[in-house]
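Participant: Okay, handing you the structure first.
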Amino acid sequence: GSHSHSHSQVEKERRRELEEHKETIDSLRAEMEGDRRAHDEELRRLREQLMQLQADLALKIKNLQEYAEAMRKRAETNASKHADELDGILRQLADSQARVAELEDRIRVLEGDKGLLGASLKELEEQE
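Here the sequence shown stands for residues 9 to 136, where the numbers follow my numbering.
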């Protein structure tokens with residue numbers, strides 16, 4: 009009778025709501041996975057940049073040490089000119105080191121974001 013009719017209406021309504029809920033979760037998941045991919049890409053790019061900077065920095069330090077050693081040997085002759093040059097190089101070196109530290113911070117932040125994203129994705133999957 010009318011009872012079973014209203015019952016199937018309720019069923020249909022519930023199914024529709026579940027379907028919508030699932031679609032919402034699916035689109036959220038897709039969005040988050042997109043974010044995660046973008047994060048991975050940015051992390052990879054920053055890590056490459058960081059490695060490049062670290063390599064440049066290691067080379068600069070090596071050159072600086074060699075330069076400082078050579079300079080020490082002939083420092084008596086024209087100390088002030090070399091001191092100025094050395095100051096310039098040390099300033100460049102400090103700038104490079106600051107840049108490396110800045111990149112390391114950005115990577116830490118991104119890795120934190122990525123962790124949060126992973127946790128959110130897990131929560132979503134558990135909800136289904």
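Ideal Cβ placement from N, Cα and C applies to all residues, glycine included.
Jot down the residue ranges of each uninterrupted alpha helix (DSSP H) in the segment 10-94, minimum 4 residues, whole runs only, in chain order.
Facilitator: For the segment 10-94, whole alpha helix (DSSP H) runs of length 4 or above, ordered along the chain, are 10-81.
Participant: Only counting the same chain, and skipping five residues up and downstream in sequence, which positions put a Cβ closer than 8 angstroms to that of GLU133?
Facilitator: The answer, listed in chain order, is ARG37.
Participant: Whole angstroms are fine: how far does the CA of ASN86 sit from the CA of GLY96?
Facilitator: The alpha-carbon atoms of GLY96 and ASN86 are separated by roughly 16 angstroms.
Participant: If LEU58 sits next to VAL108, beta carbons under 8 angstroms apart, how far is it from one beta carbon to the other, in whole angstroms?
Facilitator: Yes, they are in contact, since the Cβ atoms of LEU58 and VAL108 sit about 7 angstroms apart, within 8 angstroms.
Participant: For GLY42 and ARG82, I'd like the C-alpha separation in whole angstroms.
Facilitator: Their backbone Cα atoms lie some 59 angstroms apart in a straight line.
Participant: Can you tell me the Cα-Cα spacing of LEU65 and ALA78, whole angstroms?
Facilitator: Whole-angstrom Cα-Cα distance: 20 angstroms.
Participant: Tell me whether GLU136 sits in a helix, a strand or coil according to DSSP, three-state version.
Facilitator: In this structure, GLU136 counts as coil in the three-state DSSP scheme.
Participant: Residues in its own chain within less than 8 angstroms of LEU118 by CB, not counting five upstream and five downstream?
Facilitator: Around LEU118: HIS47, GLU50, LEU51 and LEU54.
Participant: Nearest CA to the CA of ASP68: which residue from ASP121, MET40 and GLN105?
Facilitator: One point to set straight first is that residue 68 is Lys, not Asp, in the sequence displayed. Nearest option by C-alpha distance: GLN105.
Participant: Check whether the Cβ atoms of LEU111 and LEU61 lie closer than 9 angstroms to each other.
Facilitator: Taking 9 angstroms as the Cβ cut-off, LEU111 and LEU61 qualify as a contacting pair.
Participant: Quick one: what's got a C-beta closer than 7 angstroms to LEU72's C-beta in the same chain, skipping five residues either side?
Facilitator: Closer than 7 angstroms at Cβ, skipping near neighbours: ILE97 and LEU101.
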